[in-house]
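Working notes, beginning with the structure itself.
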Amino acid sequence: MIGQRTLNATLAMSVSAFALTNIAFAQETDRRQLDQIVVTAQKKAENLQDVPASISAFNEEALVAKRIAGLEDIAQFTPGLYTYPSAADSNGLRIALRGVGTFDPQIGVDSRVAIYVDGLYLGKTQGLAFDSPDLARVEVLKGPQGTLYGRNSVAGAINLISVRPSDDGLSGRASVGYGNFGTVEAKAGANIPLADGLGLRVSGLYNNREGWVENNGLGEDFNGYKRWGGRAALGYEATDNLYLEIASDYVRSDNQVFFYQALTNPANDGQIFSPAVNTFDGRQEEVSTEFTNGVGSAESWGVVGTAEFDWRENHNIKVVTGYRRAESDRFVTLLPDASGEGLTNILTDAQLNIGLLSLPTILGLEGITVRPDYFDEIPRDSVDSIFASVPEGQPALDGHEQFSVDFTATGSVWDDKIDYVFGAFYFDEDTSNRRDLPVTNTRDAQDYLLVLAALGPLAVLRDPTATPDDITNAINAAGDLTGSARNSASGLLAIETQAWAVYTQLTWHVTDRLRLTGGIRYSDETRDGFGQINSPFFADTTTLLGDPILPNIASLDGDSIDPAVIVEYDLTDEILVYASRKESFRAGGFNAVAVSTERTNFTSDCTTPNGSFGEDFVFCPEEITAYEAGFKADLLDNRLRLNAAGYFYNFTNEQATVQTNPLLSTDRAVVNTDTEVWGAEVDAILLLGDGLTFTGNYSYTDGDPGDRVNPVTDEVVMRDRLQGAPRNSYTVALDYESRLTNNLDFFSGVSFNHKDSASASPGVTLTNQNLLAARVGVNHELANGQTLTLTFWGENLTDDVYTIDEIDFSGFAYSVAVFGTPRTYGATVSLNF
44 MIGQRTLNAT
54 LAMSVSAFAL
64 TNIAFAQETD
74 RRQLDQIVVT
84 AQKKAENLQD
94 VPASISAFNE
104 EALVAKRIAG
114 LEDIAQFTPG
124 LYTYPSAADS
134 NGLRIALRGV
144 GTFDPQIGVD
154 SRVAIYVDGL
164 YLGKTQGLAF
174 DSPDLARVEV
184 LKGPQGTLYG
194 RNSVAGAINL
204 ISVRPSDDGL
214 SGRASVGYGN
224 FGTVEAKAGA
234 NIPLADGLGL
244 RVSGLYNNRE
254 GWVENNGLGE
264 DFNGYKRWGG
274 RAALGYEATD
284 NLYLEIASDY
294 VRSDNQVFFY
304 QALTNPANDG
314 QIFSPAVNTF
324 DGRQEEVSTE
334 FTNGVGSAES
344 WGVVGTAEFD
354 WRENHNIKVV
364 TGYRRAESDR
374 FVTLLPDASG
384 EGLTNILTDA
394 QLNIGLLSLP
404 TILGLEGITV
414 RPDYFDEIPR
424 DSVDSIFASV
434 PEGQPALDGH
444 EQFSVDFTAT
454 GSVWDDKIDY
464 VFGAFYFDED
474 TSNRRDLPVT
484 NTRDAQDYLL
494 VLAALGPLAV
504 LRDPTATPDD
514 ITNAINAAGD
524 LTGSARNSAS
534 GLLAIETQAW
544 AVYTQLTWHV
554 TDRLRLTGGI
564 RYSDETRDGF
574 GQINSPFFAD
584 TTTLLGDPIL
594 PNIASLDGDS
604 IDPAVIVEYD
614 LTDEILVYAS
624 RKESFRAGGF
634 NAVAVSTERT
644 NFTSDCTTPN
654 GSFGEDFVFC
664 PEEITAYEAG
674 FKADLLDNRL
684 RLNAAGYFYN
694 FTNEQATVQT
704 NPLLSTDRAV
714 VNTDTEVWGA
724 EVDAILLLGD
734 GLTFTGNYSY
744 TDGDPGDRVN
754 PVTDEVVMRD
764 RLQGAPRNSY
774 TVALDYESRL
784 TNNLDFFSGV
794 SFNHKDSASA
804 SPGVTLTNQN
814 LLAARVGVNH
824 ELANGQTLTL
834 TFWGENLTDD
844 VYTIDEIDFS
854 GFAYSVAVFG
864 TPRTYGATVS
874 LNF
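Structure follows, in structure tokens:
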């Protein structure tokens, strides 16, 4: 039997304390006790209640019942996990765990939550808005995991684990579903035995949903997607002790643009572009664009090889090695409901609405000498939309390649008194947001926006009391601002990373009830970064004043030693208490949207010599010390499971984003500051009666985000709220199952999820969420032993209106927001064979 040890663990594994509502349909509904939950979070199969850490897990039945297809879905059912889309990139996803996440989605910033697909670490968050074709289970580990996992992570790790092939007969599952907004969902996976010990697993998916913001103008609707992919895995149990597997997968997604709706605010009616922008109270579901709206796309494929060897009893070696490649292009429009004619009039009229002279005239004033070819661009073609992409979109991830090897040895010695984990990890990555500078810029209004910063000083020209010195100073200031204009939204950043680490963790069974664990990790990382910002006017490397825009070039080389200590004690056979202290670090990096270039004698504490860069290009490593204490209990004769944990995180030099230009949200830097995070979580599941189960969870997150210093202006930016962290969130659910006949089961479930409002960026707060979901269906066992299931489902049944992203453009017009998906519903038919 292929991979029987792992298969047994997989089959035994159930869902997390919350996800346990989703009992396999074929089970008897007369359940008197909760099932054991088996996880592999600590590199071995063990009962979840015996793991001294906060973990959520979902098996295949839970994933199907809760309609969990990707990372964004998991957050609805995991306390402390929060996701929202990458800003202006429908392919990306921002992930936070216990208030610790990666909120700047650019490629220069590594994710704080490590994502693993079949043991292979995913290096970048671009393209994470995907569906996995054949998941067997998902595990969410909270807190640093450096002494157990290959790639270091400061917030936690999410493991996506696919179904393994088997030689145990032909079997599989196929499903097809249909819902409103033209939703079509199809997924299939089949296990094919090839020979004794040799099996093949093939799977595929197709998901399509039309955009729920209908575009009556040109191009695509908004907020829809089309995703498809496949996976094939060949597994071979060479001997009773040796298992080999090679797998390859491909995933493609074409994602319509998020609809960034302008929010009505009378206070912004006098801004530069507000006369040309339509606003809407509430959630807008229809629009007529005056430009051709496009789509973003993400494509990823990889191959991973796995070898597991039980070289002696209770001693296992596992090696996972893999290669992955990814591409991502984004189409961006941040004010789609704007008048193209109105924008053109504002930008090219002889008199700007702010009462100054026309832009070409201003730039031609004595004292400011501009490139003559600039005037060849005036007047330009109609500016279709502020911050609209060029028709073909913009690359977000270009030629991303990564290779990694992860070696792990586990076992027990000294008559099982000592459990050990030893690991070694190597990672090589070459990534870039583009390999060449853009060759066109004729439909991007950002060149105008950048130069508007120069108009402020020139207001003195209309002051009759201005002195000659005042006028000279104003012209010089305008020239400086114009000469320093950089198109941060379309700069080039290329990064090469080499990282390796060794780690170990030992658990000593002091007594039958007391266990002490100690671990340590050594990490070494080398990173080389090349950044080139281009002119916003010509898409080249020469400023409007004719000066060269020099590249940023820097190298980072650092290492870290990170320990972990855990104490756990069994108060009774049913109650475990534990406490832990763990350290972790995240390497420094490079800012993809840096607007400063080489500065004389400028250095950074964390870079190697011979670099030449500006002050907003490099940011240094961050370190976290994480404390956690909690308990896990099975009570009421194993009918109530109650798990709770409290935590405190102390960040040193946390990598935090700060806006460097108050007029442009794309101009930003990543700086280091100190932050504290604290909170608590609780999971509960209770068997109320035959077939009736209650589950619930609650999470509280708070902290002190610390102040941030703008490296360009040295201005201190005050922060009073953690980013991407609802202070309170909870989920409650009821599930019911009953046997109607000998071959017919009935099932139903209802859940309610609440999240408080959360900070998306300084001064921007997303609304709270109140999402009601339900399902009802029947499970019919056919005469041939196959199982047919019909499910009717609905999500956001109360049609809650809530925001999932917001960007502050109030300096030019209005703030823009993306609203969450309205009420959806549909039906799914599936066949297990």
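Going by this note's numbering, the first residue of the sequence shown is number 44, and it counts up by one from there.
Beta carbons: idealized from backbone N, C-alpha and C, even for Gly.
Quantities reported herein were computed from a predicted structural model and do not represent experimental measurements.
- For THR335, there is no enclosing alpha helix (DSSP H), as DSSP marks it with neither H nor E.
- Sorting THR190, GLY232 and GLY199 by C-alpha distance to the C-alpha of ARG207 places GLY232 at the top.
- Across the structure, LEU440 and ASN476 are spaced so that their CA atoms are roughly 4 Å apart.
- Within a 10 Å sphere around the beta-carbon of THR640 sit 16 or more other beta-carbons, which makes this residue buried.
- Following the DSSP letters along the chain, one finds LEU587 in no beta strand (DSSP E), marked with neither H nor E.
- Look at THR871 here: in three-state DSSP terms it is strand.
- DSSP places GLY837 in the strand class (E or B) of the three-state scheme.
- In this structure, the alpha-carbon of VAL152 lies about 43 Å from that of PRO236.
- Excluding five sequence positions before and after GLU333, the CB atoms of its chain that fall closer than 8 Å to its own CB belong to GLY260, LEU261, ALA381, SER382, GLY383, GLU384, ASP427 and SER428, given in chain order.
- Shortest Cα-Cα distance from VAL330 to any of THR808, ASN357 and PHE302 involves PHE302.
- Separation of the CB atoms of THR584 and GLN575 is rounded to 7 Å, and the pair is thereby assigned contact status at 8 Å.
- For PRO128, the enclosing beta strand (DSSP E) stretches over residues 124 to 129.
- Around the beta-carbon of TRP836, 16 or more other beta-carbon atoms lie within 10 Å, marking it buried.
- Below 8 Å, enough C-beta pairs join the stretch 678 to 698 and the stretch 706 to 726 to call them touching: three or more.
- The stretch 691 to 701 makes no contact with the stretch 203 to 219, as fewer than three CB pairs between them are under 8 Å.
- Under the three-state reduction of DSSP, SER317 is assigned to helix.
- Sequence-distant Cβ neighbours of ALA200 in its own chain, meaning closer than 6 Å and more than five residues away, are ALA157, LEU184, GLN188 and TYR192.
- Beta-bridge analysis with DSSP links ASP677 to ARG684.
- In the three-state reduction of the DSSP assignment, PRO748 falls in the coil class.
- In the three-state DSSP reduction, GLY436 falls in the coil class, being neither helix nor strand.
- THR834 and VAL81 have their C-alpha atoms some 27 Å from each other.
- A direct Cα-Cα distance of roughly 9 Å separates GLU780 from THR736.
- Taken atom to atom, the span from the alpha-carbon of GLU253 to that of PRO606 is near 49 Å.
- Taking the Cα positions, THR784 is about 25 Å away from GLY215.
- Here the alpha carbons of LEU731 and GLU182 stand approximately 26 Å from one another.
- The alpha-carbon separation between ALA341 and PHE352 amounts to approximately 36 Å.
- By the neighbour-count definition (other C-beta atoms within 10 Å, threshold 16), ARG478 is an exposed residue.
- With respect to VAL859, PHE852 sits close: the two C-beta atoms are nearer than 7 Å.
- By the Cβ-count criterion, GLN829 is exposed, with fewer than 16 other Cβ atoms from all chains shown falling within 10 Å of its own Cβ.
- DSSP assignment within the stretch 193 to 254 yields the following whole beta strand (DSSP E) runs of 3 residues or more, N-terminal first: 199 to 205, 214 to 222, 226 to 238 and 241 to 252.
- Fewer than three pairs of CB atoms, one per stretch, sit closer than 8 Å, so the stretch 625 to 632 makes no contact with the stretch 129 to 143.
- Taking 7 Å as the cut-off, the beta carbon of SER447 is found closer than this to the beta carbon of PHE470.
- Residue burial annotation: PRO769 is buried, with at least 16 other C-beta atoms found within 10 angstroms of its C-beta.
- Distance from the Cα of SER371 is smallest, within the candidate group GLY135, GLY325, THR226 and SER291, for GLY135.
- By the beta-carbon neighbour count (other beta carbons within 10 angstroms, threshold 16), TRP457 is exposed.
- In the DSSP annotation of this structure, PRO606 is not part of any alpha helix (DSSP H); the continuous beta strand (DSSP E) holding it starts and ends at 595 to 613.
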